[in-house]
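Below is one structure, written out as structure tokens; the observations come after it.
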Amino acid sequence: MKEVRIGIIGIGNMGSAHAQSIKKGEIPGLRLTAVADRKESRREWAGTELGEEVEIFSEGEELIASGLCDAVLVATPHYQHPVLVISALRHGLHALCEKPAGVYTKQVREMNEEAEKHNLVFAMMFNQRTNPIYKKMQELVAGKSLGEIKRVNWIITDWYRTQAYYDSGDWRATWDGEGGGVLLNQCPHNLDLLQWICGMPKEVQAFCHNGKWHNIEVEDDVTAYFTLENGATGVFITSTGDAPGTNRFEITLEKGKLVSEEDKLTLYELAENEREYCFKATEGFKRPEGAYRELELTGENSQHKGVLKAFAGRILHGTPLIADGREGIRGLMLSNAMHLSSWLKQPVTLPVDEELFLDELNKRRKASGLKENVKEITFDTKGSYGSGNGN
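If you want it as structure tokens, here you go:
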């Protein structure tokens, strides 16, 4: 195979951006042959912008069964991600899934189990893993040169959204249409990075506030406390109601502190391990010596295009993916744990009780209501956006 024929299911804001990148020849090895979307306006856009050589379908299943594709990119609303990926794999197609992997881990676990049955490439669109800042943080933490993690704090509140954003789709910000709010729509990248860099927590207690800043039924403000396997603790704070917001990711380790903020990575490196210094120091108030320095970062921040290139490379040449599709369950489990903890008003251990989570989610889906008088608006697709319909 010299090229991969790819179809995109869901050509909202992100799906259309991917389609244009591939159509322009910006992703070596990929050729766009089909797209699918249930909205007539998007199919009309595809007919005008993508050319006659791209077949247009109204249903993803039709595209999957068409024989026109070797691979699919799923960029639909969240609940459909595992369903369409499973169908693609069963039809012998490679699959790239937009974030999140799904809404609940039981469904995503079934998707992962299906992937294990096939010798096919399955990837997740975790484009923030291409960011040199997060790559460097992961390298330093995993390499143990700074010792063990002691504390983690991530304030990620620069996800500001207006009421007009939430009013732009009848499914948006509803339990039945989207499955959650800021945790599931804006933060999958952050939750993925948190576990990728720091490891999976073993316990979470969260406080999710539904419709605190907007007229919505899902959460738009979250504060979560978690404990890592080594006993280190952390706090994760996010909101779509802060202006100006903050994006500060801080990891305190035995030999220093890493701080990611304003597109810079700073390290305060101690002269010696604090745990050793603490018990041999003879002065009660003297801190261990150290110094701040901004770390030099290398490598391209290739984002979505980097993930697409890696996906094509894996299929054609066996080169590494940015993120294997099976890894999508990890960040989602964190999201599920935070929701479940808030619903039950108690700490939750990981892995989560998947049946209990689904029961609680279904209670909220049953009471959920789609909105009327919605208006379609366009969202910026730069940076870390990754929802099929613009996150």
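If you're matching positions, the sequence shown starts at 1 in full-length UniProt numbering and goes up one per residue.
Cβ atoms here follow ideal geometry from the backbone N, Cα and C, with glycine treated the same way.
All figures in this text were calculated on a predicted structure; none of them were measured in a lab.
query                                                                                                                  : result
Helix, strand or coil at residue 261 [DSSP, three-state]                                                               : strand
Sub-8 Å separation of residue 118 and residue 101 beta-carbons                                                         : no
Beta bridge counterpart(s) of residue 34 as assigned by DSSP                                                           : 7 and 55
Rounded Cβ spacing between residue 8 and residue 19 (contact assumed at less than 8 Å)                                 : 5 Å
Whole-Å CB distance - residue 222 paired with residue 206, under 8 Å assumed                                           : 6 Å
Distance, residue 59 Cα to residue 114 Cα                                                                              : 21 Å
Delimiting residues of the alpha helix (DSSP H) encompassing residue 357                                               : 354 to 366
First and last residue of the uninterrupted beta strand (DSSP E) at residue 332                                        : Taken as a continuous stretch (DSSP letters only), residue 332 belongs to no beta strand (DSSP E), being part of the alpha helix (DSSP H) at 328 to 344.
Three-pair Cβ contact test at 8 Å for the segment 259 to 278 versus the segment 117 to 137                             : yes
Counted within 10 angstroms of its Cβ, other Cβ atoms place residue 239 as buried (16 or more) or exposed              : buried
Close-in-space but distant-in-sequence residues of the same chain around residue 47 (CB under 8 Å, 5 per side omitted) : 56
Validate contact between the segment 302 to 312 and the segment 28 to 44 using beta carbons, cut 8 Å, 3 pairs          : yes
Start-to-end residues for the alpha helix (DSSP H) that takes in residue 42                                            : 40 to 49
C-beta atoms of residue 62 and residue 36 nearer than 8 Å                                                              : yes
First and last residue of the uninterrupted alpha helix (DSSP H) at residue 105                                        : 105 to 116
Distance between residue 129 and residue 301 (C-alpha atoms, nearest Å)                                                : 9 Å
Distance CB(residue 177)-CB(residue 320) smaller than 8 Å                                                              : no
Three CB pairs or more closer than 8 Å across the segment 164 to 177 and the segment 245 to 253                        : no
Nearest-angstrom Cα separation, counted from residue 74 out to residue 12                                              : 11 Å
Residue(s) in a DSSP beta bridge with residue 154                                                                      : 236 and 249
Proximity test, Cβ basis, 8 Å: residue 53 and chain D                                                                  : Looking at the structure shown, chain D is missing, and only one protein chain is on hand.
Contact between the segment 327 to 344 and the segment 193 to 213 (3+ Cβ pairs under 8 Å)                              : yes
Host beta strand (DSSP E) of residue 417 (start-end)                                                                   : As displayed, the chain neither begins before 1 nor continues past 391, which places residue 417 out of reach and without an answer.
DSSP bridge partner residues for residue 71 (one or two, in chain order)                                               : 6 and 94
Residue 329 beta carbon less than 8 Å from that of residue 90                                                          : no
Cβ separation of residue 220 and residue 157, assumed to be a contact under 8 Å, to the nearest whole Å                : No, residue 220 and residue 157 are not in contact; Cβ-Cβ is about 11 Å, not under 8 Å.
8 Å contact criterion, which residue 97 and residue 85 should meet: CB distance rounded                                : 5 Å
Assigned exposure category for residue 15 - 16 Cβ within 10 Å defines buried                                           : buried
Among 180, 45, 159 and 148, the one whose alpha carbon lies nearest that of residue 342                                : 180
Coil, strand or helix - residue 187 by DSSP                                                                            : coil
Where residue 41 falls, given that 16 or more other Cβ within 10 Å makes a residue buried                              : exposed
Contacting residues, own chain, Cβ-Cβ under 7 Å from residue 297 (five flanking each side not counted)                 : 132, 133, 136 and 265
Own chain residues within Cβ distance below 6 Å of residue 71, not counting five before or after                       : 4, 6, 93 and 94
Expected contact under 8 Å - CB spacing of residue 152 and residue 187 to nearest Å                                    : The Cβ separation is near 15 Å, so there is no contact.
For residue 260 and residue 190, the rounded distance between their alpha carbons                                      : 13 Å
For residue 210, the first and last residue of its enclosing beta strand (DSSP E)                                      : 201 to 210
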